[in-house]
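Q:
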Amino acid sequence: MRARLLTAPFLPLLLPLLSVVSSSTVPLAAAAAAAADPPSSKEIPGFVNNGTVGSLVCNLSKLIKPHRVGGVVAVGGVGGDGQKHFFNYQSTIAGLDCPESKPPTYPFNEIHLASKDDSIRATFVPYGALISQLWVKDRYGNWRDLVLGFDNTTNYATDGIHPNFGPIVGRYANRIRNGTFTYQGRTYHTPLNENGLDTLHGGLVGYDRSNFTVKSLDSDSVTFEIRDPDGNQGFPGNVVANVKYSLGSGSVWEIEMEAESDSFTPLMLSSHVYWNLEAYNETSTILDHVLEMKYADKYVETDSILIPTGKLPEVQGTPFDFRKAKSFRSLFDRTEGVCGYGCKGWDSCFVMSHPPGLTQQDEDDDDRQPSSRDLQNRMTSKPVLEMHSPKSGIKLSVQTDQPAIQIYTCDGISSPKGKGSLPRKRSHGGDGSLSKIYENHSCVVIEMEDYIDGINHQQEWNRDQFYGPGRPYSWRSVYTFSNVDEQGRDLGV
1 MRARLLTAPF LPLLLPLLSV VSSSTVPLAA AAAAAADPPS SKEIPGFVNN
51 GTVGSLVCNL SKLIKPHRVG GVVAVGGVGG DGQKHFFNYQ STIAGLDCPE
101 SKPPTYPFNE IHLASKDDSI RATFVPYGAL ISQLWVKDRY GNWRDLVLGF
151 DNTTNYATDG IHPNFGPIVG RYANRIRNGT FTYQGRTYHT PLNENGLDTL
201 HGGLVGYDRS NFTVKSLDSD SVTFEIRDPD GNQGFPGNVV ANVKYSLGSG
251 SVWEIEMEAE SDSFTPLMLS SHVYWNLEAY NETSTILDHV LEMKYADKYV
301 ETDSILIPTG KLPEVQGTPF DFRKAKSFRS LFDRTEGVCG YGCKGWDSCF
351 VMSHPPGLTQ QDEDDDDRQP SSRDLQNRMT SKPVLEMHSP KSGIKLSVQT
401 DQPAIQIYTC DGISSPKGKG SLPRKRSHGG DGSLSKIYEN HSCVVIEMED
451 YIDGINHQQE WNRDQFYGPG RPYSWRSVYT FSNVDEQGRD LGV
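Be aware that the sequence shown starts at 1, since it is given in full-length UniProt numbering, and climbs by one per residue.
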């Protein structure tokens, strides 16, 4: 979804929290030494990213020739264009590669996880409970970081553009028409933080701008918690929400969210990750990514500022029809106005009249802690979304218990003459400057959620998005990564 939130006051830093490391890219002994021996207090300029300064980032080199030398992984491979695309990936832990750098403190500290079979690695940050890195292997056996973000994690709070790179969005994701909703005869008002006309992603200080605490932590999973007080951003009820991220064998990422409120309130959470399955190696466009959403038979019609009109048309014969696998490019020329006035691309909610759901078989009765692969094997085998890059050979399959999918093709992420542009991470070929930016249509946001603005269409859509005593909120999705050939055929394990 296009993120156009106004800049909110900078949230104060809370108590420092030690980042726990579990990544095979760095010896655990070295990580322990770093924790015991704090970085130098010497003042240094820091790493400048889009006009703000944070901890120095010097862990990724510039584009280099492919090689592997003790602990260093060459990221990239021979792409579909026949050229070699490699980046040198070392530790993501500030202070190990750069002794004088200052590691970010809570809520910007990095939490590094890896699956037990080391098929997937990820980095999370308490601010927004966001994901800043997600590494899997392409069809050539080389690592790629598939998610957009900032190298300097403090930028997630200070960058004025605030694109919502990788956080949990809430208390109510997407847009609320006129910033108003009614429950049991009472009308509530939420901040008009998008164009002064509607509420986007929960208001001026939504969950994306909030400090989560770490409730539990393991080598391959982390659970974040947020306490959202009654009246915050105009919403009723005290909400306690938990987000659990798990990495499983076979390149599996699972997200589980639960929330409870002491009085009935709108709740719709989602993960807001920007994806590029090529990691900006072969190209800088996602228009050649191939998308399939076989259950998405309808879409939410919106007006020129992306507010639902109340209609749910069939996708048949429209640029919303991805029930069979096709590239974004194949329908792109038909999308004028689809993502808003004068916009080309998608910022659209796809509805599944008969979603397959996310069923779970009975667990074994032994004491073994199940991995995320175990969990995925107990789920329905019906993904609601599959997307792959013919060039990198990386395929993403998503299973979910949600009935709708928001797709945003980064139609306005860059506006050099307007709000500005965002520098790429070094794993995406950037150097911290605006010489390499995240271009329009170079990424895609995929949000598993309920019908957008359903709180203002309760009767006509038969939606109940209010949760409270006796009715907790839950959300669950499983993201599985695999490899395919140039024609999209599975290559197997």
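Note that CB positions come from ideal geometry on N, CA and C, so glycine has one too.
1. What do you reckon, are the CB atoms on N193 and G203 nearer than 8 Å?
2. Identify which residue in I176, A259, Y341 has its Cα closest to the Cα of P229.
3. Write down the C-beta distance between A325 and G488 rounded to the nearest angstrom, noting that I regard them as a contact closer than 8 Å.
4. Within the same chain, show all residues whose beta-carbon is closer than 7 Å to that of K215, passing over the 5 residues directly before and after it, in chain order.
5. Please report whether the beta-carbon of N238 lies at a distance below 8 Å from any beta-carbon of chain D.
6. Quick check on the DSSP output: the beta strand (DSSP E) that includes S397 runs from which residue to which?
7. So Q316 is in the alpha helix (DSSP H); what residue range does that whole segment cover?
8. Can you name, in chain order, every residue of its own chain whose Cβ lies under 7 Å from the Cβ of P236, other than the five neighbours on each side?
9. Could you pull out every residue in the same chain whose Cβ sits closer than 6 Å to the Cβ of G468, ignoring the five residues on either side in sequence?
10. In whole angstroms, give me the CA-to-CA distance for V484 and D490.
11. Closest to L358 by CA distance: which of W346, S474, K436 is it?
12. Would the region 440 to 458 and the region 403 to 412 be scored as touching if the rule is three or more Cβ pairs under 8 Å?
13. Identify which residue in L130, G128, K137, F108 has its Cα closest to the Cα of R121.
14. Are the CB atoms of H201 and A157 nearer to each other than 8 Å?
15. Which stretch, first to last residue, makes up the alpha helix (DSSP H) that contains S156?
16. Along the chain, where does the beta strand (DSSP E) that runs through W346 open and close?
17. Among Y438, R463, F466, V478, whose alpha-carbon lies nearest the alpha-carbon of I161?
18. Tell me whether the region 296 to 307 and the region 317 to 331 touch, counting them as touching only if at least three CB pairs, one residue from each stretch, are closer than 8 Å.
19. Roughly how many angstroms separate the alpha carbons of S249 and E282, rounded to a whole number?
20. Which same chain residues, not among the five before or five after S389, have their C-beta less than 7 Å away from its C-beta?
21. Considering E439, what are the terminal residues of the beta strand (DSSP E) in which it resides?
22. Contact between the region 141 to 155 and the region 101 to 116 is defined here as three or more beta-carbon pairs at a separation below 8 Å; is this criterion met?
23. Nearest to V338 by CA position, among S304, S433, M448, is which residue?
24. Excluding five sequence neighbours on each side, which residues of the same chain lie with their C-beta closer than 6 Å to the C-beta of S330?
25. Which residues does DSSP pair with W461 in a beta bridge?
26. To the nearest angstrom, how far is it from the Cα of N211 to the Cα of G128?
27. So, helix, strand or coil for V69, using DSSP?
28. Going by beta-carbon coordinates alone, are R177 and L267 separated by less than 8 Å?
29. Within 10 Å of its beta-carbon, does D464 have 16 or more other beta-carbons around it, so buried, or fewer, so exposed?
30. Please report the straight-line C-alpha distance between G430 and D218, rounded to a whole angstrom.
31. With DSSP as the reference, label R171 as helix, strand or coil.
32. When DSSP labels each residue in this structure, what does G492 get in the three-state scheme?
33. Could you check the C-alpha separation between E460 and V351 for me, to the nearest Å?
34. In terms of residues, what are the limits of the alpha helix (DSSP H) holding S330?
35. What's the call for P416, buried or exposed, on a 16-neighbour Cβ count within 10 Å?
36. State buried or exposed for Q316, treating a residue as buried only when at least 16 other CB atoms are found within 10 Å of its CB.
A: On the basis of the coordinates in this document:
1. Yes; because the gap between Cβ atoms is below 8 Å, this pair is in contact.
2. The option with the nearest alpha carbon to P229 is A259.
3. 7 Å between Cβ atoms; contact.
4. Closer than 7 Å at the Cβ level, and outside the excluded window around K215, lie T223, F224, E225, N242.
5. No chain D is present in this structure, which holds just one protein chain.
6. Per DSSP, S397 belongs to the beta strand (DSSP E) from 394 to 400.
7. Counted as a single uninterrupted DSSP element, the stretch harbouring Q316 is not any alpha helix (DSSP H), since DSSP gives it neither H nor E.
8. Only Y188, D230, S263, T265 meet the Cβ criterion.
9. Contacts found: S261, S263, F264.
10. Roughly 4 Å separates the two Cα atoms.
11. L358 has its Cα closest to that of S474, out of W346, S474, K436.
12. Between the region 440 to 458 and the region 403 to 412 there are three or more C-beta pairs closer than 8 Å, enough to call the two in contact.
13. Minimum Cα-Cα distance from R121 among the listed residues L130, G128, K137, F108 corresponds to K137.
14. No, these two residues do not count as a Cβ contact at 8 Å.
15. First, the residue type needs correcting, since residue 156 is Tyr and not Ser in the sequence shown. Segment 155 to 158, the alpha helix (DSSP H) holding Y156.
16. Per DSSP, W346 belongs to no beta strand (DSSP E) and is neither H nor E.
17. Here the closest residue by C-alpha is Y438.
18. Contact annotation: the region 296 to 307 touches the region 317 to 331, with at least three C-beta pairs closer than 8 Å.
19. Rounded to the nearest whole angstrom, the C-alpha separation of S249 and E282 is 27 Å.
20. Within the same chain, L277, E278, H289 come within 7 Å of S389 by CB-CB distance, once the 5 residues on both sides are set aside.
21. Membership of E439 in any beta strand (DSSP E) is not indicated, and neither H nor E is assigned to it by DSSP.
22. In the pairwise beta carbon analysis, the region 141 to 155 is classified as touching the region 101 to 116: at least three pairs are separated by under 8 Å.
23. Nearest of S304, S433, M448 to V338, Cα basis: S304.
24. Nothing meets the Cβ criterion.
25. Answer is none; W461 lacks a bridge partner.
26. So the two alpha carbons sit approximately 6 Å from each other.
27. Its pLDDT being 28, under 50, V69 is placed unreliably by the model, and nothing is read from it.
28. No; because the gap between Cβ atoms is not below 8 Å, this pair is not in contact.
29. By the Cβ neighbour-count rule, D464 is exposed, with fewer than 16 other Cβ atoms within 10 Å of its own.
30. Looking at the two C-alpha atoms, the distance is approximately 31 Å.
31. Under the three-state reduction of DSSP output, R171 falls in the coil class, being neither helix nor strand.
32. Three-state DSSP puts G492 in coil, outside helix and strand.
33. Going from the Cα of E460 to the Cα of V351 covers about 14 Å.
34. Residues 329 to 332.
35. Classification of P416: exposed, given that the 10 Å Cβ count is below 16.
36. Residue environment analysis places Q316 among the exposed positions, since fewer than 16 neighbouring C-beta atoms fall within 10 angstroms of its C-beta.
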